[in-house]
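**Q** So the sequence shown is numbered by the numbering used here: it starts at 16 and just counts up by one.
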Amino acid sequence: MKKAIVVGSGAGGATVAKELQGHYDVTVLEAGKEFNPFGMQVEWLEKLRRYGLLFDEREIQFIVPAYKIRRASDEMILVNGVGLGGTTTICTGNALRLDGDLKALGIDLDAEFEEIYREVPVTTVHQKKWHKVTRQLFSVFQEMGLEPQPMPKMGEYERCLHCGRCQLGCPHGVKWDSRRFLQAAQENGAQVITNCHVERVVIEGGRATGVRAKNGWANHFFPADLVVLAAGGFGTPVILDNSGIPCEARLSVDPVLSVAGRAPNSRQYKDVTMPFVSNLEHIILSPYFDHLSFFFNQDWRLHAGDILSIMIKLADDELGSISSTGVEKTLTVQDRARLHEGMEICKEILRRFGVSEDELFLGTVIAGHPGGMLPLTENDALSFHSDRLPENLYVADATLLPRSLGKPPILTIIAMAKRVSKILQNI
Ligand SMILES: Cc1cc2nc3c(=O)[nH]c(=O)nc-3n(C[C@H](O)[C@H](O)[C@H](O)COP(=O)(O)OP(=O)(O)OC[C@H]3O[C@@H](n4cnc5c(N)ncnc54)[C@H](O)[C@@H]3O)c2cc1C
Ligand code: SF4
Numbered sequence: 016m017k018k019a020i021v022v023g024s025g026a027g028g029a030t031v032a033k034e035l036q037g038h039y040d041v042t043v044l045e046a047g048k049e050f051n052p053f054g055m056q057v058e059w060l061e062k063l064r065r066y067g068l069l070f071d072e073r074e075i076q077f078i079v080p081a082y083k084i085r086r087a088s089d090e091m092i093l094v095n096g097v098g099l100g101g102t103t104t105i106c107t108g109n110a111l112r113l114d115g116d117l118k119a120l121g122i123d124l125d126a127e128f129e130e131i132y133r134e135v136p137v138t139t140v141h142q143k144k145w146h147k148v149t150r151q152l153f154s155v156f157q158e159m160g161l162e163p164q165p166m167p168k169m170g171e172y173e174r175c176l177h178c179g180r181c182q183l184g185c186p187h188g189v190k191w192d193s194r195r196f197l198q199a200a201q202e203n204g205a206q207v208i209t210n211c212h213v214e215r216v217v218i219e220g221g222r223a224t225g226v227r228a229k230n231g232w233a234n235h236f237f238p239a240d241l242v243v244l245a246a247g248g249f250g251t252p253v254i255l256d257n258s259g260i261p262c263e264a265r266l267s268v269d270p271v272l273s274v275a276g277r278a279p280n281s282r283q284y285k286d287v288t289m290p291f292v293s294n295l296e297h298i299i300l301s302p303y304f305d306h307l308s309f310f311f312n313q314d315w316r317l318h319a320g321d322i323l324s325i326m327i328k329l330a331d332d333e334l335g336s337i338s339s340t341g342v343e344k345t346l347t348v349q350d351r352a353r354l355h356e357g358m359e360i361c362k363e364i365l366r367r368f369g370v371s372e373d374e375l376f377l378g379t380v381i382a383g384h385p386g387g388m389l390p391l392t393e394n395d396a397l398s399f400h401s402d403r404l405p406e407n408l409y410v411a412d413a414t415l416l417p418r419s420l421g422k423p424p425i426l427t428i429i430a431m432a433k434r435v436s437k438i439l440q441n442i
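This is the structure in structure tokens:
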């Protein structure tokens, strides 16, 4: 059987591994290690914070090693997951179909989404057990005409304990993440190698012959008949650049800004994260206890139980890039204007909740949806393959997204990865 190397085990990589194993002999190369959720109480970290021991977001890696933090500028940090399951293990479980921009290119993913809804449980059942603070916020959103909708979540949410730790890794195995697809691939014979950082694709005579990677301290060449890159929006462009294939400076990241206030004993941090959402034109609004700001932003000094926070998530301008020399990404004038618009609405929500103006504070701008640097175009609508790539090298992750979504992309990435896999099964 022909050999396929899949780089990365997140939303895109695990999907391709599951779909291709059996058609190819699949080996997944994953830079990170096994994922383990954070096992301690948030209150314990609150103590470390009080003693001044938490001051830099990068320290989150000592708490949840899967977190990778980069600083894009003084005002924005970039986040992704490194480890089995990629960023899906630290996601908040939101499950939306967002293929409007792909449809506009002539790409119909109906069949892929049908498969996804058969394979991944998606539900709003968590709504039945929302805590009082969430129900009250929902009413405020309704009163303001923001048309909030319960957020569809992936996983067995009838078992959700509403502990609010989704982004630290679900300790109760409720939330779906891509390790379930990876396991299916392994049960079907796929091999998974962790701690294996792919540096570049080796291209000879116009074909990919394999990849060069660091496995621990050792350098390895992994030969392959087919290479699929799914190292995520921050990983895949770097590997391509190292392989002599530049991408486009169209990096988008969906920045998040939390607007928070003092609401004594509201205990928002103990409910499911992002329980509902309001869709505005370029932003979404959702209740969100921002752990990174809480641990590391000096403005978040209150006790966790006394903080009420709303997130603004923005579909940012597709402008920026990442390569082995670093990342270039800042908020544009338009990005700032849209965040500002969201801030005014959030302030009014918190005011209606009883938070006074002088008790408001902002979170750090945090962005965790990287992608878009090798965007699909009308030309690639059928092949899902850019002319820039050798014929046996494919990309199957957020790098393919044609536009920033400003919304949770996992299901759409899975759908794109399924389409890539179908194409590869038939060549
Ligand atoms: C805190 C947070 C919460 C989120 N919540 C949601 C949510 O609720 N719903 C939603 O839809 N989206 C959510 N997202 C976004 C979503 O998780 C990502 O957009 C999605 O997982 C990206 O899929 P991907 O396949 O492109 O990359 P990833 O899932 O990031 O997978 C990439 C994989 O490649 C590996 N890798 C990277 N470089 C290399 C290399 N050189 N060699 C080998 N392996 C490599 C990484 O370790 C990783 O395992 C969230 C993101 C964050 C940060
Ligand atoms: S609220 Fe707790 S139990 Fe529910 S999905 Fe999130 S981490 Fe898991």
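Where is the CB? At the ideal position from N, CA and C, for every residue including glycine.
Quick caveat: nothing in here was measured; it's all calculated off a predicted structure.
Roughly how many whole angstroms lie between the Cα atoms of LEU152 and GLN76?
**A** Between the alpha carbons of LEU152 and GLN76 lies a gap of roughly 32 Å.
**Q** Inspect the beta-carbon positions of SER324 and PHE304 and report whether they are closer than 8 Å.
**A** yes
**Q** Thinking C-alpha only, which one of LEU68, LEU120, ASP332, SER273 is nearest THR379?
**A** SER273
**Q** Under the three-state reduction of DSSP, which class applies to ALA411: helix, strand or coil?
**A** It is coil, neither helix nor strand.
**Q** On the criterion of 16 or more Cβ atoms from any shown chain inside 10 Å, does ILE442 qualify as buried, or is it exposed?
**A** exposed
**Q** If you check the beta carbons only, do HIS38 and GLN313 fall under 8 Å apart?
**A** no
**Q** What are the boundary residues of the beta strand (DSSP E) that MET326 is part of?
**A** Run containing MET326: 322-329, per the beta strand (DSSP E) assignment.
**Q** Given the structure, does ASP256 come close to ligand 1, in the sense that its CB is under 7 Å from one of the ligand's heavy atoms?
**A** no
**Q** Could you name the residues of the same chain whose beta carbon sits closer than 7 Å to that of VAL370, not counting the 5 residues immediately before and after it, in chain order?
**A** GLY276, ARG277, ALA278, LEU323
**Q** In or out: ASP114 buried (at least 16 other Cβ within 10 Å) or exposed?
**A** buried
**Q** Go through its chain and collect everything with a Cβ distance to THR427's Cβ below 6 Å, but skip five positions before and after it.
**A** Once the five neighbours on either side are set aside, the close Cβ partners of THR427 are LEU113, ASP114.
**Q** Cutting at 6 Å between CB atoms, please list the residues of its own chain near SER470, excluding the five before and the five after it.
**A** Residue 470 lies beyond the stretch modelled for the chain, which goes from 16 to 442, so this question has no answer here.
**Q** May I ask which residues mark the beginning and end of the alpha helix (DSSP H) holding ARG366?
**A** That run of the alpha helix (DSSP H) goes 348-367.
**Q** Would you check if there are 3 or more beta carbon pairs closer than 8 Å linking the segment 228-247 to the segment 200-213?
**A** yes
**Q** Since ASP350 and PRO270 should fall inside the 8 Å C-beta cutoff, what is the C-beta to C-beta distance between them, to a whole number of angstroms?
**A** 7 Å
**Q** With distances taken from each beta carbon to the nearest heavy atom of ligand 2, which residues come in below 5 Å, in chain order?
**A** CYS175, LEU176, CYS178, ARG180, CYS181, CYS185, HIS187, VAL189, LYS190, VAL287
**Q** So which of PRO405, LYS422, PHE399 has the shortest CA-CA distance to ASP412?
**A** Answer by Cα proximity: PHE399.
**Q** Please list the terminal residues of the continuous beta strand (DSSP E) segment that includes MET82.
**A** What sits at residue 82 in the sequence shown is Tyr, not Met. If you look at TYR82, you'll find it in the beta strand (DSSP E) that goes 82-88.
**Q** Considering PRO302, what are the terminal residues of the beta strand (DSSP E) in which it resides?
**A** 298-302
**Q** Does the beta-carbon of ASN109 have 16 or more other beta-carbons within 10 angstroms, so that it is buried, or is it exposed?
**A** ASN109 is buried by the Cβ-count criterion.
**Q** Go ahead and pull the three-state DSSP assignment for ALA278.
**A** Here ALA278 sits in coil by DSSP.
**Q** What distance in whole Å lies between the Cβ atoms of THR104 and PHE50, which are believed to be in contact at a cut-off of 8 Å?
**A** THR104 and PHE50 do touch by the CB rule: their CB atoms are close to 4 Å apart, below 8 Å.
**Q** How far does the beta strand (DSSP E) with LEU93 in it reach, from first residue to last?
**A** 91-96
**Q** Determine the extent of the beta strand (DSSP E) in which THR42 is found, giving its start and end residues.
**A** Residues 40-44.
**Q** Could you pull the DSSP bridge partners for CYS211 from this structure?
**A** ASN230
**Q** Can you find a heavy atom of ligand 1 that lies under 7 Å from the Cβ of PRO424?
**A** yes
**Q** Under the DSSP definition of a beta bridge, which residues are partnered with LEU377?
**A** VAL274
**Q** So, with DSSP's three-state summary, where would you put GLN56?
**A** coil
**Q** Take the Cβ of TYR409 as the centre, count every other Cβ of all protein chains shown within 10 Å, and call the residue buried at 16 or more, exposed below.
**A** TYR409 counts as buried, since no fewer than 16 other beta carbons sit within 10 angstroms of its beta carbon.
**Q** Span of the beta strand (DSSP E) holding GLY341?
**A** 341-343
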